[in-house]
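The numbering of the sequence shown is this note's numbering, which starts it at 39 and goes up by one. Right, one structure below, let's go through it.
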Amino acid sequence: MANAAPQDMKTILMCCLIFICVENMRGRYEEALRHLKAGLRLLISLRPTSRVATLRHWGVCGTDTRQDVTDNIPQDDELDSLALLFSRLALDTSVLTDGDVVSHLEMLGQPESIQFPVSSGSPTPFPTAAAARDELHRFEIFHDIYYERVFQKNSPNTDGPLEFDQEDKDIYRMLYQQYQWWRVCFDLYVETRENSATPEEQDLIAKLRLNQLTWNALFKHDHWSLDLDPILVPGELEAIVEQAETIACSTSTRHHPVFTFDADIIPSLSYVGAFSDDPDLLRRLVKVLRKLKVREGPWDSDELAEIYEGVLVAREQYGQVISGYPGGLLSVAEALAALGLPCVKPTNSILRLSSSIKGYSIGGNIDAV
C-alpha cells in the first residue's frame, strides 16, 4: 500500500467507513471497532499531508505548521472531510468503551504546541443548525486533545490522580469560554429560527439542545478534574431525559428503527445512567430509550435500555446495587452478565463487546443493598 495513489488511499478510507457502518448496523461492534482503528492507522500513516490538512481544517496551529510548510501542501477537502468523519466516530465510540479510540495528537503529528480556539467579538447567531453542529464537534475534538495532553504529561504517575499545572488550568478556562461562546451563539440561532425552521432543522435543533444540556451538566468552570460527582446539580440529569422525551415524541409515528452515522442522542442518555441513582429517573430513561428506536453509530437505544433495565432489576429483585464507573458502561455490562439476568439478552451487542475487548479492566462494584 506504500505506493498507492492518493485517490486509492481515499477510496480505502471510504470503504472503511462503509464497513464500520455495516458492522454497527449489524451490532458487531468489535468488528466495527477493528475497521475504525485500521482506518485511523491509515490516516495517521498519510502524514504529513493528512496532518497539515487536518490542522488547517480544524484551526489547530502547531510549531510544525509554519506558513512556509503549509503553503507547500495543497488543500485536500476530501481528506479533511474523511479525517473529521473518522474523528467523530472515534469520539462517539470512546464514550461507549470509556477509552480513547484515536490519539488526536498522533493524528496531528504530535505538534509541540497547539493553539486552542479563542473567539473574539460579540457572539452572533450561527447561520444554520448544521454550522452549530460542526462547531460543537470541533469543540469536542479540542476537549479530547486537552485531556490527552494532560494524560501524556502525567504518564509517569498514572496510578495517582491527574495533576494540572497552571498552563493546563488556563487552557481549560479557554475551552470553557469557547463552549460558552458556542452556547450563546446557538441560543441566538434558535431564537431567530424558532418559528421558521424546517422539520429537518427542528430535528437537529432538538438534538443540539440535548447536547447542550449534557455539556452544561458535565463541563463546569474551574472543574478540570475528571471526577464529575461534585459538579452534578440536581435536576440537570432530569433535564437531559426530558429533552430526550421531547425528541422521542416527535418520532413516535415511526414504525421502524433508524440508523444514523452520528451519535447525537444516546451518549447523552448514557451519562444519565452512569451518574443517576434515582430509580424513577432510570425507569424514565429505559422508557425513552425503547421509544426512540434508533441505532446511532455503535449505540443502540434498545440495547442500552436492556442494560439499565438490568441495573434496576439487579437492585429491586436481587438486592444488588451496581455502582462505580471507572470501567464505564462495559464494566456495568460485564457485572450484569455475571448475574445472568434474563432481561439482558446474551445477544446484546454491548454485552458482547464487554467480553470481547481483551485486557479490559472491570472497575465497577457490586454491593448488596
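The C-beta atom is built at its ideal place from N, Cα and C for all residues, glycine as well.
Check: Over what stretch of residues does the beta strand (DSSP E) that includes threonine 298 continue unbroken?
Finding: Residue numbering aside, residue 298 sits at position 260 when the sequence shown is read from its first letter. Here the beta strand (DSSP E) through threonine 298 covers 296-298.
Item checked: Close-in-space but distant-in-sequence residues of the same chain around alanine 43 (CB under 8 Å, 5 per side omitted) -> As a first step, residue 43 must be located in the sequence shown, where it is residue number 5. So the list is empty, once near-sequence residues are dropped.
Checklist line | Closest Cα partner of alanine 76 within the set Met63, Val139, Asp46, Asp115 | finding: Working through the sequence shown from its first residue, we reach residue 76 at position 38. If we check each option's Cα against that of alanine 76, Val139 comes out closest.
Margin query: Please return the same chain residues whose Cβ sits closer than 6 Å to the Cβ of tryptophan 337, not counting the five positions on each side in sequence.
Written below: Here residue 337 refers to the residue found at position 299 of the sequence shown. Within the same chain, tryptophan 337 has close Cβ partners Ala301, Ile304.
Note to self: Give me the DSSP bridge partner(s) of glutamate 334.
What the structure shows: As a first step, residue 334 must be located in the sequence shown, where it is residue number 296. In DSSP, glutamate 334 forms a bridge with Thr298, Trp337.
Next item on the list: Ignore the nearest five residues each way along the sequence and tell me which others in valine 349's own chain have a CB closer than 8 Å to its CB.
Entry: To locate residue 349, count along the sequence shown from 1; it is residue 311. Excluding positions up to five away in sequence, the list reads Gly311, Leu320, Ile360, Val370, Leu374.
Note to self: Less than 6 Å between C-beta atoms, sequence neighbours within five positions excluded: which residues of the same chain meet that for phenylalanine 57?
What the structure shows: Start at 1 with the first residue of the sequence shown, and residue 57 comes out as number 19. The residues are His73.
Next item on the list: Compute the Euclidean distance between the alpha carbons of leucine 122 and cysteine 59, then round it to the nearest angstrom.
Entry: Taking the sequence shown and counting its residues from 1, the one referred to as residue 122 is at position 84. Taking the sequence shown and counting its residues from 1, the one referred to as residue 59 is at position 21. Roughly 15 Å between the two C-alpha positions.
Note to self: Going by beta-carbon coordinates alone, are serine 308 and valine 133 separated by less than 8 Å?
What the structure shows: In the sequence shown, residue 308 corresponds to position 270, counting from 1. In the sequence shown, residue 133 corresponds to position 95, counting from 1. In contact: serine 308 and valine 133 (Cβ atoms closer than 8 Å).
Checklist line | Beta-carbon spacing of serine 387, glycine 65 below 8 Å | finding: Locating residue 387 in the sequence shown gives position 349, counting from the first residue. Locating residue 65 in the sequence shown gives position 27, counting from the first residue. Their beta carbons are under 8 Å apart, which means serine 387 touches glycine 65 by this criterion.
Item checked: the region 280-287 / the region 320-329 touching (three or more Cβ pairs under 8 Å) -> yes
Checklist line | Close beta carbons around asparagine 192, own chain, < 7 Å, minus the five adjacent residues each side | finding: Working through the sequence shown from its first residue, we reach residue 192 at position 154. Contacts found: Leu200, Glu201.
Check: Under a Cβ-count criterion, where at least 16 other Cβ atoms within 10 Å of its own Cβ denotes burial, should tyrosine 67 be classed as buried or exposed?
Finding: Along the sequence shown, read from residue 1 onward, the residue named residue 67 stands at position 29. With 16 or more other Cβ atoms within 10 Å, it is buried.
Next item on the list: Taking lysine 383 as part of the alpha helix (DSSP H), name the residues at either end of that continuous run.
Entry: Residue numbering aside, residue 383 sits at position 345 when the sequence shown is read from its first letter. That residue, lysine 383, is in no alpha helix (DSSP H); it is neither H nor E in DSSP.
Notebook entry, point to check: Do aspartate 136 and valine 366 come within 8 Å of each other at the CB atom, strictly closer than that value?
Noted result: For this step, residue 366 is matched to residue 328 along the sequence shown. For this step, residue 136 is matched to residue 98 along the sequence shown. Correcting the residue type first, residue 366 is glycine in the shown sequence and not valine. In this structure, aspartate 136 lies closer than 8 Å to glycine 366 by Cβ.
Notebook entry, point to check: What's the gap between the Cα of glutamate 173 and the Cα of glutamate 276?
Noted result: Position 135 of the sequence shown, counting from 1, holds the residue named residue 173. Position 238 of the sequence shown, counting from 1, holds the residue named residue 276. Approximately 26 Å, taken between the alpha carbons.
Check: Are alanine 235 and isoleucine 243 close, meaning C-beta to C-beta below 8 Å?
Finding: To locate residue 235, count along the sequence shown from 1; it is residue 197. To locate residue 243, count along the sequence shown from 1; it is residue 205. Yes.
Item checked: Nearest-angstrom Cα separation, counted from arginine 390 out to glutamate 354 -> In the sequence shown, the residue the question calls residue 354 occupies position 316. In the sequence shown, the residue the question calls residue 390 occupies position 352. If you take the alpha carbons of glutamate 354 and arginine 390, they lie about 25 Å apart.
Notebook entry, point to check: Which residues in the same chain as leucine 270 place their Cβ atom closer than 7 Å to its Cβ, once the five residues preceding and following it in sequence are excluded?
Noted result: On the sequence shown, position 232 is the one that residue 270 refers to. Excluding residues within five positions, the ones whose Cβ falls inside 7 Å are Ala255, Phe313.
Check: If we call anything under 8 Å between Cβ atoms a contact, is isoleucine 82 one with glutamate 144?
Finding: Stepping through the sequence shown from its first residue, residue 82 is reached at position 44. Stepping through the sequence shown from its first residue, residue 144 is reached at position 106. Yes; because the gap between Cβ atoms is below 8 Å, this pair is in contact.
Next item on the list: Alpha carbon to alpha carbon, how far is leucine 129 from arginine 176? Give it in angstroms, no decimals.
Entry: Here residue 176 corresponds to residue number 138 of the sequence shown, with the count starting at 1. Here residue 129 corresponds to residue number 91 of the sequence shown, with the count starting at 1. About 11 Å.
Notebook entry, point to check: So the alpha helix (DSSP H) tyrosine 138 belongs to, where does it begin and stop?
Noted result: Taking the first residue of the sequence shown as position 1, residue 138 is located at position 100. Strictly speaking, residue 138 in this sequence is aspartate, with tyrosine absent from that position. Careful: aspartate 138 lies outside any alpha helix (DSSP H) and carries neither H nor E.
Notebook entry, point to check: Along the chain, which unbroken stretches of the alpha helix (DSSP H) at least 4 residues long are found entirely within the region 234-306?
Noted result: 237-256, 274-288
Checklist line | Coarse secondary structure for isoleucine 360, derived from DSSP in three states | finding: Locating residue 360 in the sequence shown gives position 322, counting from the first residue. It is a strand residue.
Checklist line | Cβ-based burial, alanine 170 [other Cβ within 10 Å; buried from 16] | finding: Along the sequence shown, read from residue 1 onward, the residue named residue 170 stands at position 132. Buried.
Check: Nearest-angstrom Cα distance between phenylalanine 299 and glutamate 61?
Finding: Start at 1 with the first residue of the sequence shown, and residue 299 comes out as number 261. Start at 1 with the first residue of the sequence shown, and residue 61 comes out as number 23. Each residue's Cα considered, the two are about 12 Å apart.
Checklist line | Collapsed DSSP secondary structure at glutamate 186 in the structure displayed | finding: Along the sequence shown, one-based indexing puts residue 186 at 148. Helix at glutamate 186.
Next item on the list: Give me the Cα-Cα distance between glutamate 239 and glutamine 250, rounded to the nearest whole angstrom.
Entry: Here the question's residue 239 lines up with position 201 in the sequence shown. Here the question's residue 250 lines up with position 212 in the sequence shown. Between glutamate 239 and glutamine 250, the C-alpha separation is close to 16 Å.
Margin query: To the nearest angstrom, how far is the alpha carbon of glutamine 358 from that of leucine 266?
Written below: The residue given as residue 358 occupies position 320 in the sequence shown. The residue given as residue 266 occupies position 228 in the sequence shown. Taking the straight line from one Cα to the other gives about 24 Å.
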